[in-house]
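Residue numbering for the sequence shown follows this note's numbering, beginning at 48 and increasing consecutively.
Glycine included, every Cβ here is placed at the ideal spot set by N, Cα and C.
Since this is a predicted model, take the numbers as computed values, not measurements.
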Amino acid sequence: MPETRVVSTGSVEEFAAPGPYNAPAAYWFWHRLPTPEEIAVQVRDMREAGYQSFQIQTRMSFPLEEYLSEEYLRLCRLAADEAARQDMVVGIYDEYNWLSGHAGGRVVAGHDHLREQHLFHVTVPVAGSRAEGRIDGIRPQDVAYLLDAGMNWVFEGGAPLWDDWKLVAAVVRDGDEVREATPAATIVAATEDGCELAADLEGETLGDDAEIVFFVSARCASSRMINYLDPAAAERFTEVGYDPYARAFGEHLGSTVQYVFFDQPHACFFTWDQNPGVIAATLMYDEGFYAELAGEVGERWPAMLASLAADVGEATAALRTEFFERYSARAVNSFFGTLRRWCEEHGVLLTGHEVLAHVSSWDPTGTIIADDPRTNFGLDYFGLDAWRQITAVDARNEYPQLPAKFGDSVARSNGRSGCIVEQYFGRVVPGSHFAAGWWELTLAQLRSQTLRHFAFGARQILMHAYWLTDGHEREEMFTNPRFDFAPGVNFEPWFGYHRAYAEETARVSVFLDGAEPLDEVAVLYPLRTAWYGGPEHEFGEQTAFWTEHLARDSVDYHLIDERDLRAAAVADGRLHLPHGREYRVLVLPGVEVLRDERVLEVLEEFVAAGGRVFSTGVTPRATQTAGHDAVIVERVAAVRESSSWTAWEEQPDWASAVRPRVFEAIPPGPRIDDESGVEGQLWVRRSSTRVMAFNDAEHPRPVVVRPGTLRSRVRCWDPRTGSVEGWRDIGESFSVELAPGEVLLVEILRTGEAAPSRRFLVDGWTVEIEGVEVPVDPARGWETQGFETFSGIGTYRMRVTLAETDRSWELVLPVVHGSAGVSVNGVDLRELPWAPGRVPIPEAVLRPGENLIEIRVASSAANAYYRGTGQQGDGLAPSGLGAVPLLVPVEASSATHRKD
Numbered sequence: 048m049p050e051t052r053v054v055s056t057g058s059v060e061e062f063a064a065p066g067p068y069n070a071p072a073a074y075w076f077w078h079r080l081p082t083p084e085e086i087a088v089q090v091r092d093m094r095e096a097g098y099q100s101f102q103i104q105t106r107m108s109f110p111l112e113e114y115l116s117e118e119y120l121r122l123c124r125l126a127a128d129e130a131a132r133q134d135m136v137v138g139i140y141d142e143y144n145w146l147s148g149h150a151g152g153r154v155v156a157g158h159d160h161l162r163e164q165h166l167f168h169v170t171v172p173v174a175g176s177r178a179e180g181r182i183d184g185i186r187p188q189d190v191a192y193l194l195d196a197g198m199n200w201v202f203e204g205g206a207p208l209w210d211d212w213k214l215v216a217a218v219v220r221d222g223d224e225v226r227e228a229t230p231a232a233t234i235v236a237a238t239e240d241g242c243e244l245a246a247d248l249e250g251e252t253l254g255d256d257a258e259i260v261f262f263v264s265a266r267c268a269s270s271r272m273i274n275y276l277d278p279a280a281a282e283r284f285t286e287v288g289y290d291p292y293a294r295a296f297g298e299h300l301g302s303t304v305q306y307v308f309f310d311q312p313h314a315c316f317f318t319w320d321q322n323p324g325v326i327a328a329t330l331m332y333d334e335g336f337y338a339e340l341a342g343e344v345g346e347r348w349p350a351m352l353a354s355l356a357a358d359v360g361e362a363t364a365a366l367r368t369e370f371f372e373r374y375s376a377r378a379v380n381s382f383f384g385t386l387r388r389w390c391e392e393h394g395v396l397l398t399g400h401e402v403l404a405h406v407s408s409w410d411p412t413g414t415i416i417a418d419d420p421r422t423n424f425g426l427d428y429f430g431l432d433a434w435r436q437i438t439a440v441d442a443r444n445e446y447p448q449l450p451a452k453f454g455d456s457v458a459r460s461n462g463r464s465g466c467i468v469e470q471y472f473g474r475v476v477p478g479s480h481f482a483a484g485w486w487e488l489t490l491a492q493l494r495s496q497t498l499r500h501f502a503f504g505a506r507q508i509l510m511h512a513y514w515l516t517d518g519h520e521r522e523e524m525f526t527n528p529r530f531d532f533a534p535g536v537n538f539e540p541w542f543g544y545h546r547a548y549a550e551e552t553a554r555v556s557v558f559l560d561g562a563e564p565l566d567e568v569a570v571l572y573p574l575r576t577a578w579y580g581g582p583e584h585e586f587g588e589q590t591a592f593w594t595e596h597l598a599r600d601s602v603d604y605h606l607i608d609e610r611d612l613r614a615a616a617v618a619d620g621r622l623h624l625p626h627g628r629e630y631r632v633l634v635l636p637g638v639e640v641l642r643d644e645r646v647l648e649v650l651e652e653f654v655a656a657g658g659r660v661f662s663t664g665v666t667p668r669a670t671q672t673a674g675h676d677a678v679i680v681e682r683v684a685a686v687r688e689s690s691s692w693t694a695w696e697e698q699p700d701w702a703s704a705v706r707p708r709v710f711e712a713i714p715p716g717p718r719i720d721d722e723s724g725v726e727g728q729l730w731v732r733r734s735s736t737r738v739m740a741f742n743d744a745e746h747p748r749p750v751v752v753r754p755g756t757l758r759s760r761v762r763c764w765d766p767r768t769g770s771v772e773g774w775r776d777i778g779e780s781f782s783v784e785l786a787p788g789e790v791l792l793v794e795i796l797r798t799g800e801a802a803p804s805r806r807f808l809v810d811g812w813t814v815e816i817e818g819v820e821v822p823v824d825p826a827r828g829w830e831t832q833g834f835e836t837f838s839g840i841g842t843y844r845m846r847v848t849l850a851e852t853d854r855s856w857e858l859v860l861p862v863v864h865g866s867a868g869v870s871v872n873g874v875d876l877r878e879l880p881w882a883p884g885r886v887p888i889p890e891a892v893l894r895p896g897e898n899l900i901e902i903r904v905a906s907s908a909a910n911a912y913y914r915g916t917g918q919q920g921d922g923l924a925p926s927g928l929g930a931v932p933l934l935v936p937v938e939a940s941s942a943t944h945r946k947d
């Protein structure tokens, strides 16, 4: 059986003729059984449109009873036969509709014990010696969004019905004390809608505020979804859901049929009337797992359960994160481990995507389909990816977002790279339903979104979807194909032009396969903070702040896991992570809880070695082993005193405060600079030998390509034609004007010494005001640094050591609140009456070694004259510098690259 090669070599030859893992793939929606003729026509149509692979996906309009029928499987085989004739790849989409694991209800048919089970709880005060509570009002958060069609798909009879109610535990909370009271509790009554509970605490001595928390489990007797905590459910899924495909595809398995794709497996996210919202959805339940965990944690078990219903003091973080670590591992290993073993036994690869809380967002707490996705597989994207052989994510709509970057990051953490991005479209017009999709999609929008994903780390786009039929006129969501996550791309009038899109983007993907990352910044994904704080915790907002801004500034970054940090070595001011990754900069976005002391030790070692740490929001104050602990707070406070750690408790202004510090901290490398001021975004993906730039705008954009050396050889690869130009010599840079929507691919061979690089003048500034000279942060006005009521002239000074004085430089002042004058080494250079601006520094003014820069800023009079009055109203007037100045080397005249 031939070995499947997913990653191209990035060669000129493959650029000219990309393969099936760089070219777009398609979900092929079957809304009914197709005819053999339709299969032949549509497979050929996909191939002609530039698709080189597809997955057959049945939708809600497809009769459930026909899924995995003999006729269905026969037609799947015909599709594989035709794909083989067209030299295409087929992936096994492993489920009816989506929610991998139930095989269209066949897993639980006749096996009720495999249906999903959930844990509920209710907290009630103890009145006297008796407490009574109830669980009711149970409703599925996620399935309810899918209307009646979804309810009838997931639940037999269209509604969740409950049975097998069991008392798991009862826990008394009395002040700071938590103790078990299970023997005193009982289920008084149970129905298909809920249960009633009571506890007799006769003889107990309890405080006035004592409460009891009842924990009960139940099986959803009408659900087709499985219990993902039970390995037997996953085994049966492969027996009834995977084995039939293996028999049907026969000799195609491992050749034409190369992988299995799972799609968003999860039990339902239920809530109920008595849920206080600490964890906003039900936890999955398996009696054996909970009994095993209770036995292993021993006397901490009552408090651990209580921590799932409310905070229980300083130990909450330790208890809750330990629970989720065990819970997540059990679910991930039981389900995905079983799928991986099946795939290995059958010679195919495993891929697919789980529930992602950051779809269509930069925020990993976006929770697009549920209020609390912790209860699914614990949000452990890195641990889950260890079972995959090809990483996949999903993305919604046509705007920049995190999934591709996160997907590439988890892949690299597990020794791979790149990811498949399932791209779908949901309607967001007020009054509409998301399933109506986006028939307005243009090929230009699809192309732009694809190129964004590639800039963030994707390798392949999986289009959602190519359709068998376009449905009918009735306004029915899901069951009418027309309104089942439109568009069906082959029913768009522009589909005849699709091949050009497919070929161009496939070539971009091949080119980027030859680009090794620069590994400039690592952003910690704080899993234990997520487990502890849930989607309401600030880490989501802080992560979005960093990931979006770093992407827009073309910084090469990845998200990393605490497993990476625990395995890290620190040397030469770098974090050396598994699989050859090295980072000089680490970002902690709202990180409150760490795995253990080892992670803290790595942070201390990294900072001591000169590595740079940036943090926003809360900094670590707890671990899974110790909970919230003053010792941890003290150790973090001590390491934060280092000049290598910059901490902002609130989100700072990115442009003035953060960007200069990030660029100061990362080593110089190849860049493509946008100096045009044109609206829109230039997306750039950089490596030491290849760079990509995409002009995401409706206007031309002049850019400068800077390889980072005094001399280089470059050649441009044209993704429209597949041609590669010859090598040519350049100096420090060359300029090119990108047309609207144009993508630029440049290969670089650096042949000269390193070129001088821009210098962000972050530290070492003073300001002299009224004869007093004090240290100052140039990113903030002086009115925020002790001179609240001063208006006048302040003189900023900094001494800069320059080795490269055989050229002129420019001093760039991005933000100045007032008018300014600049001198260097006592020589007045330029006045900026309406600053900001750029100040040329002639070569003759500079001297080897230390150079004195002075900037005199004249502010407005507002803070002095409004002092002590009630008239200023809108706060102090910004005064002085408002962003970090930078020095930019003046290059010899740059070449201009002219395109035919």
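Distance, residue j Cα to residue i Cα
i	j	result
Thr756	Ala786	27 Å
Phe837	Val814	13 Å
Gly917	Ala911	13 Å
Ser58	Phe558	7 Å
Leu426	Phe262	23 Å
Ala549	Leu509	11 Å
Ser460	Tyr572	12 Å
Thr590	Ala237	44 Å
Arg718	Phe661	23 Å
Pro81	Ile259	58 Å
Ser28	Phe453	The first residue shown for the chain is 48 and the last is 947, placing residue 28 beyond what the model contains.
Thr438	Ala826	40 Å
Ala353	Arg367	9 Å
Phe317	Ile326	11 Å
Ala505	Cys242	48 Å
C-beta atoms of residue i and residue j nearer than 8 Å
i	j	result
Pro925	Trp856	no
Ser5	Leu791	Because the chain in this structure spans residues 48 to 947, residue 5 falls outside the shown range and cannot be described.
Arg668	Val686	no
Ala131	Tyr98	no
Glu794	Val761	yes
Asp721	Val750	yes
Val904	Ala867	yes
Pro582	Thr363	no
Outcome for residue i when other beta-carbon atoms lying within 10 angstroms are tallied against a minimum of 16
i	result
Val90	buried
Pro67	buried
Glu688	exposed
Glu469	buried
Arg294	exposed
Arg499	buried
Backbone secondary structure at residue i - three-state DSSP
i	result
Asp947	In this predicted model, Asp947 has a pLDDT of only 48, less than 50, meaning its place in the structure is not dependable enough to derive any value.
Thr229	helix
Ala217	strand
Ile713	coil
Asp189	helix
Cys466	coil
Val638	coil
Ser108	coil
Cys315	coil
Ile415	coil
Ile234	strand
Pro323	coil
Leu597	helix
Identity of the residues DSSP links to residue i by a beta bridge
i	result
His864	Gly927
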